[in-house]
Amino acid sequence: MTKYTFKPKDFKVFEVEGLDARMEALEQQIRPQLHALGDYFTDYLETLTGDTFYAHVAKHARRTVNPPKDTWVAFATNKRGYKMMPHFQIGLFEDHLFVMYGLMHEDKNKAKDVEVFENKLETLLDLPNDFQISLDHTQPDKSRIQDLSKEELQKGIARAKNVKKGEFFVARAIPPQSEHLKTDKVFIAFLEDTFKHLLKFYS
């Protein structure tokens, strides 16, 4: 029995038809690990930053018809929420697990908060070659940083700054069959390594 990691079958919850049935599957197969990861990484982030973090497991409470196609636990320094500020996420789509840091379009200081990526563009370009960029957290598509030019990265940052719905996340993603998911120990090591890179943009 694993506490933190996910098995390939866990990703299949997103194939379950219907809102109620999928929510029940998420509750049984995914949320226990998300809560455990929330407990582990609030302590981890607090140790590394000196700031108090709170875990927010997605509730999908506003959904009335369409079942969620992803789910996550978010980490922020606000007890009441995370969408209004830069935050970390660990989550799943049907075809991958993602870890990321950045800001949603709801961020109250988005134009200023996104400047950290502008100011640390070289750090962004120097990340390991499996790191990616997401410009829309609701979509699974992400672009590998190594496949983007400096100008394309700057364009993505500018969009997050100037477009109302613009977002910017630095991410790392692995497939359901990844070796990083084989055991809790290996998975936590992968997550810790990822967070250490993402923390370069935290301030």
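Residue 607 is where the sequence shown starts when you use my numbering, and the numbers rise one by one after that.
Every residue, glycine too, gets a C-beta built ideally from N, C-alpha and C.
Proximal residues to residue i (C-beta, below 8 angstroms), its chain only, five neighbours per side dropped
| i | result |
| --- | --- |
| Ile-794 | Tyr-610, Tyr-646 |
| Leu-731 | Ile-751, Lys-756, Leu-759 |
Own chain partners of residue i with C-beta closer than 6 angstroms, once the 5 adjacent residues on each side are dropped
| i | result |
| --- | --- |
| Gln-695 | Trp-678, Ala-680, Met-706 |
| His-666 | Pro-674 |
| Pro-782 | Pro-614, Phe-617 |
| Phe-737 | Ile-751, Arg-778 |
Status (buried if at least 16 other CB within 10 Å, exposed otherwise) for residue i
| i | result |
| --- | --- |
| Ala-766 | buried |
| Thr-789 | exposed |
| Arg-669 | exposed |
| Arg-628 | buried |
| Lys-714 | exposed |
| Gly-708 | buried |
Distance between beta carbons of residue j and residue i, contact taken as under 8 angstroms
| i | j | result |
| --- | --- | --- |
| Ile-751 | Phe-775 | Their Cβ separation, rounded to whole angstroms, is 12 angstroms, which puts Ile-751 and Phe-775 out of contact at 8 angstroms. |
| Lys-726 | Lys-806 | 7 angstroms |
| Phe-704 | Ala-777 | 5 angstroms |
| Val-619 | Gln-639 | Contact flag wrong, Cβ pair sits at about 12 angstroms. |
| Lys-771 | His-711 | 5 angstroms |
Spatial neighbours of residue i in its chain, beta-carbon cut-off 7 angstroms, leaving aside the 5 residues before and after
| i | result |
| --- | --- |
| Ile-763 | Val-720, Phe-723, Glu-724, Phe-774 |
| Leu-654 | Leu-805 |
| Arg-637 | Val-663 |
Simplified DSSP state of residue i, which is helix, strand or coil
| i | result |
| --- | --- |
| Asp-701 | coil |
| Thr-729 | helix |
| Ile-780 | strand |
| Val-792 | helix |
Below-9 angstroms beta-carbon distance, residue i vs any chain B residue
| i | result |
| --- | --- |
| Lys-770 | Any reference to chain B falls outside this structure, which holds one protein chain only. |
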